[in-house]
Amino acid sequence: MTTEAALQRAKEILAPFSKGDTTPEANRLDVNIEATDLPAATAALIRSEWGYLSAITPTDLGREVNKLELIYHFCEGAAITSLRIHLPREDQPDVPSISDQIPVASFFERELGEMLGVHVVGTPDPSRLFLPDDWPDGVYPLREDFSIEKAAPVEPRETFPEMGRIGNKFTIPIGPQHPALKEPGHFEFAVDGEIITGARMRLGYVHRGIEKATEQRNWIQNLYLLERICGICSHTHTSAYAMGVEKLAQVEVPARAQAIREIIAGLERIHSHLLWLGVSAHEAGFDTLFMYSWRDRETVMDLLEKLTGNRVNYSIIVLGGVKHDLDAELSRSIHTALDYLEERIRYYLHIVTTDTSFLQRTRGIGTMTLEEAKHFGALGPTARASGLKRDVRIDSPYGAYRYFPISLTTDDRGDLEARFAVRMKELLVSCVTIRIIVDNLPAGEITTRFPRKIPAGETISRVEAPRGEAFYYIKSNGGENPARIKIRTPSICNWTSVLNKAVGHQLADIPMLIAGMDPCFSCNDRMVTVRKQDSSQTLTWSQLREYGIQKYSTQRETK
């Protein structure tokens, strides 16, 4: 079905609820509806099997308009249909929950409540997801009148009960600091003996308020801010952001620059998946595989340093192009590195699908069917390992993917073994694609002129991160700073499947179930508090920068 046909079908499905619709972009349909019609409109889309809920964008439209805006984004291939709801700005306006129909919505709804002050009626878990326990009630970071002074810490609320026991039934907390977690998160598992009977989680331990911070910086400065959402997929975030801003500015990026962006994206995918392989192997007690995969990961990191000057946050993208070009020597370096990496990846694929002890931790564990993957809104390799053909690079080709397409890698087994196999096969596809691009790199410039002010408007930008679809909503009021940037990373969607599939498994399977989705906690958590012994102080960005400089200087003097 073409994008135009998909949007027309969505328009027909939503006609009974529509209070007016617009087409802000060629691939988008915006439908205004009443809040009370949200569950019925969602049900109509689900019954018609039209798309999946990708994100919810909450926005304060300000005192002049005196309204809050919620935009529910549904994606079907390249087509995007948004349900737009306006609510009164006073107090905590009501909106009905849709989490009974779409489980992943429960995470989005928790964010609506704590960040914008919307009361989601009927949501299964209204507790905080990101904000800390000592954040004051009634203070919402995404409100226009928010200031850091309003967020002075208060007496912390008790979010998770202490570990308890009733007969053979226990409530076991894990995290935020725990040997099975490489990043901070808090999980609460109800177990009957060794079998998990319930699960819930809490994020926000590395929340940095990046969405709010983007409104205080200009379009260029935000490139470097957004790159630091995640060190493993930093290029993903700058790509999604730059593509959106370039669409708003109506600037065409040179073909050579687009191709170089895809090369870096492919290398970043190799870097990310090899890092994940090592961490997952470590959770399974397979430390030899951990050491080997991280050794080989150095090959791609060294190559990225040659190409961009940096091993982690590459900073190769500028608005309108890229900073660095490829010459003959760099092209040879890429081919040499890929020859070595491809051989190693084939070896790892053999190991994860044949090693007896490893398969005891992966085969038949956390099995998710195709229907469950759709229901839970799974993304990336987690979804494709269950046979769900969902990949933005193919569903809605962007940048150089329109000229250098990739092949889709799927598996229908749906267990942890399948997720390992899909990721390793995906890396082999990346190696082939990168070689083709390097050998057929378009001629021409690598950048073009770009305006300081971006015309008023809004756009949606989607890219396929190593973990799945990354979603950016970008709004401009016509100035040098964005009016709103909403970021939804794939991990927040994949958590739903992990928590649901944990039930019925043994507690010992939890580290592998978590590692199997390749979670990124810092990607989820986008106030800065510095704690000094028994006191704490909330700092502005400039104060935090000065504090860091002073601390660094003191450490140097001490040495």
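Residue numbers (this note's numbering): 40 to 598. The beta carbon of each residue, even a glycine, is placed where N, CA and C say it ideally should be. Here the structure is a predicted model, which is why all the values come from computation and not from measurement.
Per-residue DSSP class, three states only, for residue i
{"i": "Ser370", "result": "helix"}
{"i": "Cys532", "result": "helix"}
{"i": "His544", "result": "coil"}
{"i": "Ile605", "result": "In the structure displayed, the chain extends from 40 to 598; residue 605 sits before or after that span and is not available."}
{"i": "Ala439", "result": "helix"}
{"i": "Arg488", "result": "coil"}
{"i": "Lys221", "result": "coil"}
{"i": "Phe56", "result": "coil"}
{"i": "Asn539", "result": "helix"}
{"i": "Asn352", "result": "coil"}
{"i": "Phe329", "result": "helix"}
{"i": "Glu188", "result": "helix"}
{"i": "Ala504", "result": "strand"}
{"i": "Phe146", "result": "helix"}
{"i": "Pro212", "result": "strand"}
{"i": "Ala412", "result": "helix"}
{"i": "Leu170", "result": "coil"}
{"i": "Leu515", "result": "First, the residue type needs correcting, since residue 515 is Ser and not Leu in the sequence shown. Of the three classes helix, strand and coil, the one that applies to Ser515 here is strand, per DSSP."}
{"i": "Ile526", "result": "strand"}
{"i": "Asn520", "result": "coil"}
{"i": "Ala65", "result": "coil"}
{"i": "Asp231", "result": "strand"}
{"i": "Asn261", "result": "helix"}
Own chain partners of residue i with C-beta closer than 7 angstroms, once the 5 adjacent residues on each side are dropped
{"i": "Arg383", "result": "Asp335"}
{"i": "Phe329", "result": "Gly317, Ala320, His321"}
{"i": "Leu170", "result": "Glu153, Gly243"}
{"i": "Glu64", "result": "Thr498"}
{"i": "Thr62", "result": "Leu68"}
{"i": "Ile52", "result": "Ala83, Leu84, Ser87, Trp89"}
{"i": "Asn66", "result": "Thr42, Ala117, Ala118, Ile119"}
{"i": "Phe325", "result": "Phe397"}
{"i": "His363", "result": "Leu346, Thr347, Ile355"}
{"i": "Lys50", "result": "Asp60, Leu68"}
Alpha-carbon spacing of residue i relative to residue j, whole angstroms
{"i": "Val431", "j": "Glu411", "result": "20 angstroms"}
{"i": "Ser575", "j": "Pro521", "result": "The predicted model places Ser575 with a pLDDT of 43, which falls under 50 and marks its position as unreliable; any figure quoted below should be read in that light. Each residue's Cα considered, the two are about 31 angstroms apart."}
{"i": "Leu287", "j": "Ile110", "result": "19 angstroms"}
{"i": "Phe147", "j": "Cys532", "result": "9 angstroms"}
{"i": "Arg350", "j": "Arg462", "result": "22 angstroms"}
{"i": "Glu233", "j": "Gly405", "result": "16 angstroms"}
{"i": "Arg570", "j": "Asp173", "result": "Confidence in Arg570 is poor, its pLDDT being 35 and thus under 50, which makes the residue's placement unreliable; the coordinate value appears in the next sentence. Rounded to whole angstroms, Arg570 to Asp173 spans 13 angstroms at the Cα level."}
{"i": "Pro132", "j": "Leu107", "result": "9 angstroms"}
{"i": "Leu480", "j": "Leu100", "result": "44 angstroms"}
{"i": "Leu181", "j": "His112", "result": "19 angstroms"}
{"i": "Tyr437", "j": "Lys189", "result": "41 angstroms"}
{"i": "Ser370", "j": "Arg385", "result": "23 angstroms"}
{"i": "Ala482", "j": "Ala367", "result": "13 angstroms"}
{"i": "Cys470", "j": "Asn516", "result": "41 angstroms"}
{"i": "Lys208", "j": "Ser166", "result": "23 angstroms"}
Close Cβ partners of residue i (< 6 angstroms) along its chain, the five nearest in sequence each way excluded
{"i": "Leu262", "result": "Thr277"}
{"i": "Phe226", "result": "Ile213, Gly214, Met240"}
{"i": "Glu519", "result": "Asn257, Arg491, Lys492"}
{"i": "Ser425", "result": "Met407, Leu409, Ala412, Gly453"}
{"i": "Thr535", "result": "Pro142, Val143, Phe415"}
{"i": "Ala422", "result": "Ala412, Arg429"}
{"i": "Gly507", "result": "Leu418, Gly419, Pro529"}
{"i": "Ile445", "result": "Arg432, Val468, Thr472"}
{"i": "Ser273", "result": "Glu266, Asn352"}
Integer Cβ distance of residue i from residue j, believed to fall under 8 angstroms
{"i": "Glu222", "j": "Ser561", "result": "7 angstroms"}
{"i": "Ile390", "j": "Leu346", "result": "Contact flag wrong, Cβ pair sits at about 29 angstroms."}
{"i": "Ala45", "j": "Glu150", "result": "Contact flag wrong, Cβ pair sits at about 28 angstroms."}
{"i": "Arg440", "j": "Glu291", "result": "It should be pointed out that residue 440 corresponds to Tyr in this sequence rather than to Arg. Their Cβ separation, rounded to whole angstroms, is 16 angstroms, which puts Tyr440 and Glu291 out of contact at 8 angstroms."}
{"i": "Pro163", "j": "Ser186", "result": "Not a contact, Cβ separation roughly 32 angstroms."}
{"i": "Arg295", "j": "Glu484", "result": "7 angstroms"}
{"i": "His374", "j": "Val477", "result": "7 angstroms"}
{"i": "Ile513", "j": "Leu358", "result": "Ile513 to Leu358, Cβ: 12 angstroms. No contact."}
{"i": "Ile271", "j": "Cys559", "result": "7 angstroms"}
{"i": "Ala554", "j": "Ala238", "result": "Not quite, the Cβ-Cβ distance comes to about 16 angstroms (not below 8 angstroms), so this is no contact."}
Bridge partner(s) assigned by DSSP for residue i
{"i": "Cys562", "result": "According to DSSP, Cys562 bridges with nothing at all."}
{"i": "Thr236", "result": "Paired residue(s): none; Thr236 is not in a bridge."}
{"i": "Glu115", "result": "Ala118"}
{"i": "Pro127", "result": "Lys106"}
{"i": "Ile95", "result": "Tyr111"}
{"i": "Asp133", "result": "His158"}
{"i": "Ile499", "result": "Tyr512"}
Same chain, Cβ closer than 8 angstroms to residue i, neighbours up to 5 away in sequence not counted
{"i": "Val339", "result": "Leu306, Ile309, His310, Leu313, Ala376, Leu380"}
{"i": "Asp573", "result": "Because the pLDDT at Asp573 is just 41, under 50, the model does not fix this residue reliably, and the point stays unresolved."}
{"i": "Val134", "result": "Ala74, Leu77, Leu109, Ile124, Leu126, Leu151, Val157, His158, Val159, Val160"}
{"i": "Asp184", "result": "Arg102"}
{"i": "Leu343", "result": "Ile303, Leu306, Glu307, His310, Asn349, Arg350, Tyr353"}
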